[in-house]
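What follows is a single structure, written as structure tokens, with notes after it.
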Amino acid sequence: MNAVDLIPTKRDDLAGLAGDIQRVEAIFATWDETQRSAVEAYRRAIEDLNGEALRRLVKALKEEPAALAAMKQAVTDEVVYAVLRRHNILKPSLSERVEAALDGVRPMLASHGGDVELVSVRPPAIEVRFVGACDGCPASALTFHAGVKKAIEEACPEITDIIQIKSMSNAADNDSVRFVSPFALGAVSGWHLVCRLDEIPLGGISTLVVGGQDVILSRQDAIVSCFQNACAHLGMPLDGGDVEQGIITCPHHGFQYDLSSGECLTAPEVALQSHAVRVIGNRVQVRLSS
Numbered sequence: 001m002n003a004v005d006l007i008p009t010k011r012d013d014l015a016g017l018a019g020d021i022q023r024v025e026a027i028f029a030t031w032d033e034t035q036r037s038a039v040e041a042y043r044r045a046i047e048d049l050n051g052e053a054l055r056r057l058v059k060a061l062k063e064e065p066a067a068l069a070a071m072k073q074a075v076t077d078e079v080v081y082a083v084l085r086r087h088n089i090l091k092p093s094l095s096e097r098v099e100a101a102l103d104g105v106r107p108m109l110a111s112h113g114g115d116v117e118l119v120s121v122r123p124p125a126i127e128v129r130f131v132g133a134c135d136g137c138p139a140s141a142l143t144f145h146a147g148v149k150k151a152i153e154e155a156c157p158e159i160t161d162i163i164q165i166k167s168m169s170n171a172a173d174n175d176s177v178r179f180v181s182p183f184a185l186g187a188v189s190g191w192h193l194v195c196r197l198d199e200i201p202l203g204g205i206s207t208l209v210v211g212g213q214d215v216i217l218s219r220q221d222a223i224v225s226c227f228q229n230a231c232a233h234l235g236m237p238l239d240g241g242d243v244e245q246g247i248i249t250c251p252h253h254g255f256q257y258d259l260s261s262g263e264c265l266t267a268p269e270v271a272l273q274s275h276a277v278r279v280i281g282n283r284v285q286v287r288l289s290s
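Going by the UniProt record's numbering, the residue at position 189 of the sequence shown is 189; the numbering climbs one at a time, nothing skipped.
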């Protein structure tokens with residue numbers, strides 16, 4: 001390898017320019033540690049110099065309204081945008097942050113043969129769609145709320161409406177299985193029809209007697225959870241307690257529980273007794289635990 005081989009071909013497209021850098025980096029990777037350290041120090045020095053120059057330039061341009069408008073137009077160029085993002089002069093776009101959040105949950109989805117794709121970004125709303133094995137899976141609603149929705153909300157707090165778009169085949173099926181408690185996916189018997197989905201207040205609870213047992217049902221969209229109506233502390237009923245942001249507070253001694261999991265936030269060593277739930281169309285069914 002001679003010096004001529006290290007000279008990239010002149011290009012003006014982002015993919016080509018980035019490819020040239022990657023090819024040179026691949027050559028550096030074959031060098032010994034001392035050589036690589038010298039190249040890395042040189043790279044950092046050049047980047048620091050360029051970054052400081054760009055920051056000063058941008059700061060000066062922001063002080064002139066006409067120049068600021070021109071700069072905003074300039075950053076629509078992919079090469080300009082990529083360089084300014086490299087130096088953290090521009091913040092990542094909303095689409096980038098959403099995709100980064102989705103990348104964080106994709107390994108989990110891939111382990112089950114599925115994936116999620118970003119359909120549209122229309123702040124404050126976005127639309128996503130499950131694909132592969134996750135499309136139409138009975139547990140996809142739980143995956144959506146516990147994985148995808150949570151990841152996006154943490155990365156992009158300005159997004160307040162995260163919509164799961166169904167595939168055309170599933171959207172037309174009004175009597176399809178919409179949700180099943182993950183550990184009851186194979187259960188075929190023991191289910192009790194208890195109510196309609198819309199009879200459970202969104203973000204609240206309903207109290208029912210199922211098979212002679214007092215239970216509470218809570219709902220977040222199509223995800224429904226069911227627990228014994230008994231605080232894990234002294235077994236006192238929970239249904240008179242306040243519910244706020246998915247947390248119910250026992251009206252007797254103030255113990256708090258996460259209604260999505262039954263976890264006790266006051267004393268993590270205990271939890272509510274849970275019962276399996278499935279939602280078929282608009283029908284909610286409960287399978288009592290033994």
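Where a beta carbon is used, it is the ideal one built from N, C-alpha and C, also for glycine.
As the structure is a prediction and not an experimental result, all values here were calculated from the model.
For the putative contact between residue i and residue j, defined by C-beta atoms under 8 Å, what is the C-beta separation to the nearest angstrom?
| i | j | result |
| --- | --- | --- |
| Leu102 | Gln213 | That pair is no contact at about 40 Å. |
| Val58 | Ile21 | With a Cβ gap of about 23 Å, Val58 and Ile21 do not count as contacting. |
| Ser216 | Leu238 | Correcting the residue identity first, residue 216 is Ile in this sequence and not Ser. Between Leu238 and Ile216 the Cβ distance is about 6 Å, and since that is below 8 Å, they are a contact. |
Please classify residue i: is it buried, with 16 or more other beta-carbons within 10 angstroms of its beta-carbon, or exposed?
| i | result |
| --- | --- |
| His253 | exposed |
| Leu84 | buried |
| Arg44 | exposed |
| Arg278 | buried |
| Val209 | exposed |
| Ile46 | exposed |
| Gly147 | buried |
| Val98 | buried |
| Thr249 | buried |
| Leu109 | buried |
| Pro157 | exposed |
Going by Cα to Cα distance, which pick from the options is closest to residue i?
| i | options | result |
| --- | --- | --- |
| Gln228 | Glu199, Ala271, Ala15 and Met108 | Ala271 |
| Met236 | Phe255, Gly19 and Thr30 | Phe255 |
| Glu96 | Glu117, Ile27 and Ala66 | Glu117 |
| Val80 | Cys195, Leu17 and Gln22 | Leu17 |
| Phe183 | Val24, Val286 and Gly211 | Val286 |
| Leu185 | Pro107, Ala60, Ala276 and Ala70 | Ala276 |
| Ser290 | Tyr257, Gly19, Met108 and Gly211 | Gly211 |
| Phe179 | Ile223, Asp198 and Ser206 | Ile223 |
| Arg196 | Ala26, Leu14, Gly113 and Asn282 | Asn282 |
| Ile159 | Asp48, Leu265 and Leu94 | Leu94 |
| Leu234 | Arg36, Ala267, Asp198 and Leu14 | Ala267 |
Determine the contact status of residue i and residue j, defining contact as a CB-CB distance below 8 Å.
| i | j | result |
| --- | --- | --- |
| Ser274 | Cys231 | no |
| Ser181 | Gly204 | no |
| Gly240 | Ser260 | no |
| Pro124 | Asp77 | no |
| Leu61 | Leu54 | no |
| Val119 | Ile165 | yes |
If you draw a straight line from the alpha carbon of residue i to that of residue j, how long is it in whole angstroms?
| i | j | result |
| --- | --- | --- |
| Lys150 | Thr34 | 44 Å |
| Ala155 | Val284 | 33 Å |
| Ile280 | Gln220 | 15 Å |
| His192 | Ile200 | 16 Å |
| Lys72 | Pro65 | 11 Å |
| Val128 | Val105 | 13 Å |
| Ala41 | Asp32 | 14 Å |
| Ile163 | Arg86 | 31 Å |
| Val121 | Val131 | 18 Å |
| Pro251 | Val194 | 25 Å |
| Val39 | Phe28 | 8 Å |
| Val24 | Glu52 | 24 Å |
| Pro92 | Gly190 | 51 Å |
| residue 299 | Gly262 | Since the first residue of the chain shown is 1 and the last is 290, residue 299 is not available in this structure. |
| Pro107 | Ile126 | 21 Å |
| Ala82 | Asn50 | 14 Å |
| Ala100 | Gly19 | 22 Å |
| Ala74 | Gly114 | 38 Å |
| Ser37 | Asp242 | 60 Å |
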